[in-house]
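*Asks:* Chains A and B supply the protein sequences, listed in that same order.
Note that the working numbering numbers the first sequence so that position 225 is 225, with each residue one more than the last.
So the number in the working numbering is just where the residue sits in the second sequence, counting from 1, plus 441.
For each residue, glycine too, the CB sits at the ideal point set by N, CA and C.
Would you mind keeping the following structure in view while I ask a few things?
Number of protein chains: 2
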Amino acid sequence: MFEYFCAEHAKIPIIINSDKKIMDAYIISIGEELLIGQTVNTNASWLASQLNLAGIAVNEILVIPDKEETIAEAIKNAGNKADIVLITGGLGPTKDDVTKNALCAIFETKLVLNQNVLEDIKTFFGRKNLKINELNEQQAMVPEAAEILPNPFGTAPGLWFNQKEKQYIAMPGVPYEMKEMVLNHVLPRLKDSNTRFHILHKTILTHGIGESFLAQKITNWEHSLPDFMNLAYLPSTGIVKLRLTAKGYNAEQLQSSINDAVEELKQIIQEYIWGYDDDTLENLAGKQLLERKQTLAAAESCTGGYLAHRITGVPGCSAYFLGSIIAYDNAMKEKQLGVDKQLIEKYGAVSEEVVAAMVRGTIESIGSDYALGVTGIAGPSGGTSEKPVGTTWIAAASRSRIISRQYSFGDNRERNIVRATNAALALLHELFREESPKNKV
Amino acid sequence: MFEYFCAEHAKIPIIINSDKKIMDAYIISIGEELLIGQTVNTNASWLASQLNLAGIAVNEILVIPDKEETIAEAIKNAGNKADIVLITGGLGPTKDDVTKNALCAIFETKLVLNQNVLEDIKTFFGRKNLKINELNEQQAMVPEAAEILPNPFGTAPGLWFNQKEKQYIAMPGVPYEMKEMVLNHVLPRLKDSNTRFHILHKTILTHGIGESFLAQKITNWEHSLPDFMNLAYLPSTGIVKLRLTAKGYNAEQLQSSINDAVEELKQIIQEYIWGYDDDTLENLAGKQLLERKQTLAAAESCTGGYLAHRITGVPGCSAYFLGSIIAYDNAMKEKQLGVDKQLIEKYGAVSEEVVAAMVRGTIESIGSDYALGVTGIAGPSGGTSEKPVGTTWIAAASRSRIISRQYSFGDNRERNIVRATNAALALLHELFREESPKNKV
C-alpha cells in the first residue's frame, strides 16, 4: 500500500493538508441508470480508491443524466474545482449516449473519423468472428482535440483533453473497460505528474465490538492523535473498520507516525483486530492455510453458499479449499454430512449439537484439516419464540478441536447471511490463534 | 410496479416531460469513505430507485466529505435545484460526523436535547442489555427546527426540515437504518404530496445477445417509439437490460403505450427475453419450481458457491432448493457426486462428459427433480492453450433430459463466476421452456 513513497520528500516537514497544495480530482458519472437506482455506482468508488492510492484526493463525485447541456455544465464546474476531471459513461454505441457531443461543445472541437480506432474496433469484432455494424463504426468518430486512449475490451475509446493545465478524461462506463484504461493509461501518467503531496491511509479491521463501544475504548488514543492525522469509523455488517488518514509532504515521517499510532492502538484493542487495509477475513484465512499447508472445507445451511463464495473469491484458493456442502435440506445434512437424524429431531437443525456434527462430518467425509459449519434461521420466516429469525450456530473445527458459538443476528435475511459468513471466518481465525499463540496478530 | 397509478389523472393528456412540471429530488451522500472508495454508494442507488417508483425524478447525486462548510454549501445548492433534498451520512456518534452542525448553520437553529430521542436510544441499548454511553447520549441532541424521524434500528434519528416549500431530510448513513426510515416515514409523506407527474419504467431483460447486435435488431422499433418514451441499454455481465421510460400526466395512457411497445418488441426478440423489471433469473426459476412443486439442487466447481448463494438469496427458497455440492477439489466430484475418476482423467474436469456426470450425480445423490452443474476455469491461473481461462461447461438436467453447453468467458475471475452463474440459471429456464412449450414467455 505504501509503494508510492518518494525518498526525495523525506526532508520536507509534515504539514496539515490544505486544499491548495494537493493534486485533486472530480469524478462525474453519467447515466440515467444511476439516477433511477438500477445500477450501483461501483465505478466511482473504484476510481476513488485508485486515485487515493496515487496520492490524489477526490473532492466530490457527481452523478448526472445523459443530457448534453447537463454534462457540459458539470464538466465546466468540475474543471473549476479540481485539477483532474474523470468522466465515465455515455460513450456507448447507442442513441442515449451524448457525452462526445458535450465534450465537443465545451472544448470547441468536432468529431472526426479516427482510422486507428476503426481498426481497433474491427480487430475487436474480428476476434469474436463478428462483423462490425454501423453503430460500432460510429465509435470511431472522436473529438479532434482529444488524445485517444485504446480500449482493448470494448469499442468506445477513452478521450483525454489537456486544457489550461487541467486534465479532462472521458472513459466508457462499462466497469472492466474503464478499469483497464485507468490502470494502464490514466494512472501511470497522473502518478508521474504528482509530486506535490501525500495522503496515507491505514485501516484497522475489527470484529466483535460495536462502533460506540469501540469509540469509548479508544477515546483517549483518538484525542492524542496529531493534527495531521484523523480517524474515521466505518461500520459494516459485523465489522468495524477504523481508518487512519495522515496528510503531508514527508511521506516517511507520515508513515512512521501512522505505524506508531497503530502500535498504540493494538495495545488497547488487540483482541478485536483481525487485519489491516485491504485484508479480508477470507484472504487472511487463505494465507494461514497456505503457510500451514492445510486444507479447509465447509458445511453451510443458512449462508447457502455465500461462505464458499467468499472463500473461492480468493484467486489460488484451490490450493487449500476442497469444497463445501450446502445442506439446505435436512436430508442433505444427514446423507452428505452424516449428521444423526435423531440429533436434528432432539435439538433442532439450529443447535450446538447439529453444528458440531456438521463440522465433524465435513472433516470426515471431505477429508479436510479444518471445517467451518453454519446453521441458522436467515429469515424472513422459520423463526420461533425460542429461536427467532437470526439465531445462528457456527462452528470452526480442526481435527482435534471445535469452537462453536451461538449468534443472534437481526431479522434481515440478506444481512444475516453476510453476518454469519463474517462470524464464521472470524471464528476460524480464533481457532488458528488458539492453536498457535505465536501467530497472534 | 404500477400500483401508484391514480385514476384521477386518466383524462389528462400525455405530455413530454419538462423539468418544471415534475417533483424532483437531489441526493447528497456524506462520507470520506465514499470519496476514498472504501465504501460503494449503495445508499444513493437504493434511494433513487425508491423515489423513482414514487414518480419523483432524481436530478443529481453528489458525494461530499464530512466537512461542515462543504456540507452546508452542497445543501444550499441542492435546495436551489430540486424540491426535495435527501442527505445521508454524517449523523453517527463519532467525532467525524458534522452534518448536524452544518444543518444548524444553514437553517439558523441550534442543537437541543430531545427527551423522546433519548428514551428511544435507551430502549435501543436496553434491548441488547447494554448501557448507554456518553457518545450515544449526544445522539439525542438535535436541531430545534427539525421534525424528528424515529430510528428503531440505530441511535441517530432522522431530521426533516420544511423550509420555503422545500423539504430537506437528513438520515443516518447505515443502510438498513436509512432504508427503514425512508420506507416508513419519508416515502409515504412524499407520495401523498406528489400528484403532479408520472414516470413509468418497464425493463425488458435479455440474455444471450450483445448490446450492439440487439440494438441493430430493434433499431426500427426503437425509432418508432413516441416522443414521450425513450429507451436505454443497460449491459451487465452476460445480460442486457432494455429500459423503456414514459413520462406524462396520464398514467393509464402511459401504461398502455408501454404495454404496446413491449408487445411489439416481443415479436422481434422473443428468444432472448427471460424476464421483466426486478425479475431475476433465480427468482423466476424459484417461481417455476414452486408452481411445478419440484426441487432443484446444484453441483458447482468454478462458481464456488455463488450459484447456490444466488438461489438461496430468494426468501422461501427452502421449499424447492435442496442444496449444492461445491466440489472444488476433484476428489469431491468423485466422492460426493459419483463422477467416474476415469472420466476426469480422460476428458479433464472441464468437459461435457464431466458436467453431465455432475448433474446426473446430483439428481441421484441429492434426489432433486432438477440439477444445475458448472465446471470451468475461473482464472487467473489453470488455463491451457486448449482450454484457456474462461472455458466453462454448464449443464441443466431434469430426470429425463440434459442440456449441456460450452462457454468461453473472459480472463477475469470475478466476472467469470457471475457470467457462469447467469448462464447456468438461463440454461435452467431453457430446459423449463423445452419441457413445456406452453410456458414460453
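#1: DSSP three-state call for residue 401 of chain A: helix, strand or coil?
#2: By alpha-carbon positions, which one of B:843, B:503, B:499, B:498 ends up nearest to residue 58 of chain A?
#3: So what does residue 221 of chain A bridge to, in DSSP terms?
#4: Rounded to a whole number of angstroms, what is the C-alpha to C-alpha distance between residue 661 of chain B and residue 137 of chain A?
#5: Which same chain residues end up closer than 6 Å to residue 17 of chain A when comparing Cβ atoms and leaving out the 5 residues on each side of it in sequence?
#6: Given a limit of 7 Å on CB to CB distance, which residues of the region 320 to 333 of chain A reach chain B?
#7: Just grab the DSSP bridge partners of residue 759 of chain B for me.
#8: Could one say the Cβ of residue 811 of chain B lies closer than 8 Å to chain A's Cβ atoms, at least one of them?
#9: Is it true that the region 196 to 210 of chain A meets the region 241 to 257 of chain A, where meeting means three or more beta-carbon pairs spaced less than 8 Å apart?
#10: In the DSSP assignment, find the alpha helix (DSSP H) that holds residue 519 of chain B and state where it starts and stops.
#11: Using Cβ-Cβ distances below 9 Å, what residues of the region 469 to 489 of chain B are close to chain A?
#12: Which ranges would you report for the beta strand (DSSP E) in the region 181 to 208 of chain A if only whole runs of at least 3 residues count?
#13: Helix, strand or coil for residue 29 of chain A? Go by DSSP, reduced to three states.
#14: Quick check: the Cα distance between residue 784 of chain B and residue 492 of chain B, rounded to an integer number of angstroms?
#15: Taking only beta-carbon positions, decide if residue 207 of chain A is within less than 8 Å of chain B.
#16: I'd like the list of long-range same chain contacts for residue 856 of chain B, defined as Cβ closer than 6 Å, with 5 residues on each side in sequence excluded.
#17: Closest to residue 289 of chain A by C-alpha separation, out of A:22, A:433, A:272, A:259, would be which residue?
#18: Any idea which residues DSSP pairs residue 501 of chain B with across the strands?
#19: Please classify residue 250 of chain A: does DSSP put it in a helix, a strand, or coil?
#20: On the premise that residue 598 of chain B lies in contact with residue 545 of chain B, defined as a C-beta separation below 8 Å, what is that separation, rounded to the nearest angstrom?
#21: Do residue 76 of chain A and residue 26 of chain A have their beta-carbon atoms positioned less than 8 Å apart in this structure?
#22: Taking the continuous alpha helix (DSSP H) assigned at residue 714 of chain B, which residues delimit it?
#23: Identify the contact partners of residue 336 of chain A in chain B, using a Cβ-Cβ distance below 9 Å as the criterion.
#24: Quick one: give me the first and last residue of the alpha helix (DSSP H) that residue 425 of chain A is part of.
#25: Hey, residue 471 of chain B and residue 497 of chain B: beta-carbon distance below 8 Å or not?
#26: The region 552 to 580 of chain B: which residues have C-beta closer than 7 Å to a C-beta of chain A, in chain order?
#27: Keeping to the same chain, check which residues put their C-beta closer than 8 Å to that of residue 122 of chain A; ignore five residues upstream and five downstream.
#28: Could you give the distance in angstroms between the alpha-carbon of residue 750 of chain B and the alpha-carbon of residue 508 of chain B?
#29: Cβ of residue 305 of chain A less than 8 Å from any chain B Cβ?
#30: Among A:327, A:371, A:379, which has the Cα closest to the Cα of residue 806 of chain B?
#31: Among B:859, B:712, B:772, B:669, which residue has its Cα nearest to the Cα of residue 696 of chain B?
#32: Taking residue 617 of chain B as the query, report the chain A residues whose CB atoms sit under 7 Å from its CB, ordered along the chain.
#33: Kindly list, in the order they appear in chain B, the residues whose Cβ is closer than 9 Å to that of residue 261 of chain A.
#34: Examine the Cβ distances between the region 85 to 93 of chain A and the region 158 to 170 of chain A and report whether three or more of them are shorter than 8 Å.
#35: Under 8 Å, Cβ to Cβ, is there at least one residue of chain A near residue 801 of chain B?
#36: Going along the chain, which residues of the region 503 to 514 of chain B sit with their C-beta nearer than 7 Å to a C-beta in chain D?
*Replies:* Per the coordinate set shown:
#1: DSSP places residue 401 of chain A in coil when its eight states are reduced to three.
#2: The residue from B:843, B:503, B:499, B:498 with its alpha-carbon nearest to that of residue 58 of chain A is B:503.
#3: DSSP links residue 221 of chain A through a beta bridge to no other residue.
#4: Pairing residue 661 of chain B with residue 137 of chain A, the inter-Cα distance amounts to about 18 Å.
#5: With a pLDDT of only 33 at residue 17 of chain A, under 50, the local geometry of the prediction cannot be trusted, and no value is derived from it.
#6: Of all residues in the region 320 to 333 of chain A, 321, 322, 323, 324, 325, 326, 327, 328, 329, 332 have a Cβ within less than 7 Å of some Cβ in chain B.
#7: Residue 759 of chain B is not bridged to any residue.
#8: Chain A, which has no Cβ nearer than 8 Å to the Cβ of residue 811 of chain B, makes this no.
#9: Contact check between the region 196 to 210 of chain A and the region 241 to 257 of chain A: three or more CB pairs, one atom from each, fall below 8 Å, which counts as touching.
#10: Here the alpha helix (DSSP H) through residue 519 of chain B covers 509 to 522.
#11: From the region 469 to 489 of chain B, only 470, 472, 473, 474, 475, 476, 477, 478, 479, 480, 481, 482, 483, 485, 486, 487, 488, 489 have a Cβ closer than 9 Å to chain A.
#12: For the region 181 to 208 of chain A, whole beta strand (DSSP E) runs of length 3 or above, ordered along the chain, are 198 to 207.
#13: DSSP places residue 29 of chain A in the strand class (E or B) of the three-state scheme.
#14: Here the C-alpha atom of residue 784 of chain B lies approximately 54 Å from the C-alpha atom of residue 492 of chain B.
#15: Chain B, which has no Cβ nearer than 8 Å to the Cβ of residue 207 of chain A, makes this no.
#16: Once the five neighbours on either side are set aside, the close Cβ partners of residue 856 of chain B are 678.
#17: Among A:22, A:433, A:272, A:259, the Cα nearest to that of residue 289 of chain A is on A:433.
#18: Per DSSP, B:467.
#19: In this structure, DSSP gives residue 250 of chain A a state outside helix and strand, which the three-state scheme calls coil.
#20: About 15 Å separates the two Cβ atoms, so there is no contact after all.
#21: A distance of 8 Å or more separates the beta carbons of residue 26 of chain A and residue 76 of chain A.
#22: Looking at the DSSP string, residue 714 of chain B is not in any alpha helix (DSSP H); the run it does join, the beta strand (DSSP E), is 714 to 717.
#23: Within chain B, 764, 766, 777, 806, 807 have C-beta atoms less than 9 Å from the C-beta of residue 336 of chain A, given in sequence order.
#24: Unbroken alpha helix (DSSP H) run through residue 425 of chain A: 413 to 435.
#25: Cβ distance not < 8 Å, so residue 471 of chain B and residue 497 of chain B don't count as in contact.
#26: Cβ proximity to chain A below 7 Å picks out 574, 576, 577 from the region 552 to 580 of chain B.
#27: So the qualifying residues of the chain are 132.
#28: If I take the Cα positions, the gap works out to 39 Å.
#29: True, the Cβ-Cβ gap to chain B drops below 8 Å.
#30: Residue A:327 is the option with its Cα nearest to residue 806 of chain B.
#31: Answer by Cα proximity: B:669.
#32: Against chain A, a Cβ distance below 7 Å from residue 617 of chain B picks out 412, 415.
#33: Neighbours of residue 261 of chain A on chain B: none; closest Cβ ~15 Å, over 9 Å.
#34: Touching, per the Cβ criterion.
#35: Closer than 8 Å: no.
#36: This model lacks chain D altogether; the protein chains it does include are A and B.
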